[in-house]
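Chemist: One line per chain: the protein sequences are A and B, in this order.
Each number in our numbering corresponds to the 1-based position in the first sequence with 275 added.
Each number in our numbering corresponds to the 1-based position in the second sequence with 275 added.
Quick reminder that beta carbons are idealized off the backbone N, C-alpha and C, glycines included.
Keep in mind it's a predicted model, so treat the numbers as computed, not measured.
2 protein chains.
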Amino acid sequence: MAATTAASSTDLIRAAGVKVTRGRVRVLDALNAARQPLCHGELELQLASADEASLDRVTLYRILDSLVACGLALKAVDTRGVFRFSAAAARHRHVDHVHFRCIDCGGVFCLKAELPPPPKLPRGFRLQQIDFDLRGLCAECGTRAA
Amino acid sequence: MAATTAASSTDLIRAAGVKVTRGRVRVLDALNAARQPLCHGELELQLASADEASLDRVTLYRILDSLVACGLALKAVDTRGVFRFSAAAARHRHVDHVHFRCIDCGGVFCLKAELPPPPKLPRGFRLQQIDFDLRGLCAECGTRAA
DNA sequence: CCAACAAACGCAACAATGTTGCATTTACGT
DNA sequence: ACGTAAATGCAACATTGTTGCGTTTGTTGG
Ligand SMILES: [Mn+2]
Ligand SMILES: [Mn+2]
Ligand SMILES: [Zn+2]
Ligand SMILES: [Zn+2]
């Protein structure tokens, strides 16, 4: 399992056209194994607890940036303003559909509805991503509230 | 207009059950006058450029926290992980149109485009709010990047 | 395999944003 | 006016993220 995962991460990194280093492989493995997006601190802890040498703080930041830059990881900010990273391969593609976010339980539900076309932007603005998020109570939380 | 706004902020703060201080009135006025959510730094600049004495950094943080705690302001994180504040009373002005969020400077821009109709929700889900957020680079940040 | 070179790394310093402790001042009910 | 809890100003600190630079390493062409 470990060998398979490592090989896979290695291949992904090489295919992305960047150097395959031990740090990148370990970080991408960790992101792929994670059940949820991890922040820098969580990754640092997790990599330190492994028996290999721990990564330098700055190197970890740069590895994460490089994985994001080559499309192998996704970066998003959490409610506290901390960046969290997830493996692009381990995650569904959430870029092309609508989400419902429950304001009570925090759950995110993928809706089977396509994104509406974006309106025209002011001159010079560059669109990179569209988020159509519906917020409210999910069925479970709505029932509990009533 | 200034007197009206100041009186209104004063009343709102008093009605919220907290002490009416010059700092709270100035900050709430600034939030109400703003066309987009402001971060701590933007508020500090704006309050310093007025001819009154500038607020202490920490006091501004605490004023913002107190306005949020008593429901007069809303706090949300921007794409860079920086907290932005808006007047709760001004929120209704942003519920019916699309926003563009710059991933570089964190700025929020109101677009003159109506929200698309929401797709059908799963049974039991209760819709309370619709966010159609476009993300990317604003004109200024896009120019600087190029 | 070797050498050359760009990329990546480790370390220190720095920057941006936000918090805590504490002495002093202020708002406001009495 | 007075007493008191709340708010303020200032210094120090914490957390998260970035920059500069000399050293090491992965990769590639010979
Ligand atoms: Mn999804
Ligand atoms: Mn931050
Ligand atoms: Zn829910
Ligand atoms: Zn911008």
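1. Of the residues that make up the segment 385-416 of chain B, which ones have a beta carbon closer than 7 angstroms to any beta carbon in chain A?
2. Below 7 angstroms on C-beta distance, what does V373/B contact in chain A?
3. Tell me the residue span of the alpha helix (DSSP H) that contains R337/A.
4. For the alpha helix (DSSP H) that contains V302/A, what are its first and last residues?
5. Considering only C-alpha positions, which residue in the set F360/B, A344/B, E415/B is nearest to G399/A?
6. Once you ignore the five residues that flank L322/A on each side, which residues in its own chain have a CB closer than 8 angstroms to its CB?
7. Excluding the 5 residues flanking L313/A on each side, which residues of the same chain have their C-beta closer than 8 angstroms to its C-beta?
8. Is any beta-carbon of chain B found at less than 8 angstroms from that of V370/A?
9. Note down, in chain order, each residue of its chain lying with its Cβ closer than 7 angstroms to the Cβ of A363/B, except the 5 sequence neighbours on either side.
10. Secondary structure at L347/A, three-state DSSP: helix, strand or coil?
11. Mind checking whether the beta-carbon of E415/B lies closer than 7 angstroms to any heavy atom of ligand 4?
12. For the alpha helix (DSSP H) holding S324/A, just list the boundary residues, first then last.
13. Which same chain residues end up closer than 8 angstroms to H374/B when comparing Cβ atoms and leaving out the 5 residues on each side of it in sequence?
14. Keeping to the same chain, check which residues put their C-beta closer than 8 angstroms to that of V293/A; ignore five residues upstream and five downstream.
15. Quick check: A404/A and G411/B, are their CB atoms within less than 8 angstroms of each other?
16. Locate the beta strand (DSSP E) running through A388/B, then write down its first and last residues.
17. Relative to the alpha-carbon of T418/B, which residue among P397/B, P392/B, L402/B, D379/B has its alpha-carbon at the smallest distance?
18. Give me the Cα-Cα distance between I288/B and V295/B, rounded to the nearest whole angstrom.
19. In terms of alpha-carbon separation, which member of A420/A, L396/A, R297/A, R337/A lies closest to E327/A?
20. Starting from the beta carbon of V357/B, find every residue of chain A whose beta carbon is closer than 7 angstroms, and list them in chain order.
21. Take H315/A as the anchor and find which of L339/A, C413/A, V343/A, H369/A has the nearest alpha-carbon.
22. Could you please tell me which residues of the segment 328-347 of chain A, in chain order, have their CB closer than 7 angstroms to any CB of chain B?
23. For a cutoff of 8 angstroms on Cβ pairs, would you count T418/B as touching chain A?
24. Kindly indicate if chain A contains any beta-carbon less than 8 angstroms away from that of V352/B.
25. What is the DSSP secondary structure of L396/B, reduced to helix, strand or coil?
26. Could you pull the DSSP bridge partners for D286/A from this structure?
27. I378/A touches chain B at which residues, Cβ-Cβ below 9 angstroms?
28. CB of L382/B to nearest heavy atom of ligand 4: below 7 angstroms?
29. Which residue comes first and which comes last in the beta strand (DSSP E) that contains R419/B?
30. What are the boundary residues of the beta strand (DSSP E) that R376/A is part of?
Modeler: The relevant details are as follows:
1. Cβ contacts with chain A: L386, A388, P391, P393, P394, L396, P397, R398, G399, F400, R401, L402, Q403, Q404, I405, D406, F407, D408, L409, R410, G411, L412, C413, A414.
2. The answer, in chain order, is P394.
3. 332-344 is the extent of the alpha helix (DSSP H) around R337/A.
4. Taken as a continuous stretch (DSSP letters only), the alpha helix (DSSP H) holding V302/A covers 297-308.
5. Relative to the Cα of G399/A, the nearest Cα in the group F360/B, A344/B, E415/B belongs to E415/B.
6. For L322/A, where only same-chain residues beyond five positions count, the Cβ hits under 8 angstroms are R301, V302, A305, S329, L330, L335.
7. Residues A305, L306, Q321, R359, F360, S361 of the same chain have their beta carbon placed closer than 8 angstroms to that of L313/A, with the five preceding and five following residues left out of the count.
8. Chain B, which has no Cβ nearer than 8 angstroms to the Cβ of V370/A, makes this no.
9. Around A363/B: G346, L347, A348, L349.
10. Assignment of L347/A by DSSP, reduced to helix, strand and coil, places it in the coil class.
11. The closest heavy atom of ligand 4 lies less than 7 angstroms from the beta carbon of E415/B.
12. That run of the alpha helix (DSSP H) goes 315-324.
13. If we look at H374/B and ignore the five residues flanking it on each side, its Cβ neighbours are V383, F384, C385, L386, D406, F407, D408, L409.
14. Only R299, S341, C345 meet the Cβ criterion.
15. Sequence inspection shows Gln at residue 404/A; the Ala mentioned does not correspond to that position. The answer is yes: Cβ separation under 8 angstroms.
16. It spans 383-389 - the beta strand (DSSP E) in which A388/B sits, taken as one unbroken run.
17. Checked all of P397/B, P392/B, L402/B, D379/B; the closest Cα to T418/B is D379/B.
18. Using only the alpha carbons, I get a separation of about 6 angstroms.
19. For E327/A, the nearest C-alpha among the options comes from R297/A.
20. Residues of chain A passing the Cβ test: G356.
21. Nearest of L339/A, C413/A, V343/A, H369/A to H315/A, Cα basis: L339/A.
22. Result list empty, no residue passes.
23. So yes, T418/B belongs to the interface.
24. At least one chain A Cβ lies under 8 angstroms of V352/B.
25. It is coil, neither helix nor strand.
26. DSSP, once it has assigned bridges, lists no residue as partnering D286/A.
27. Q403, Q404, listed in chain order.
28. Note on identity: in this sequence residue 382/B is Gly, with Leu being the wrong assignment. Taken from the Cβ of G382/B, at least one heavy atom of ligand 4 lies inside 7 angstroms.
29. That residue, R419/B, is in no beta strand (DSSP E); its alpha helix (DSSP H) goes 414-420.
30. Where R376/A is concerned, the enclosing beta strand (DSSP E) stretches over 372-377.
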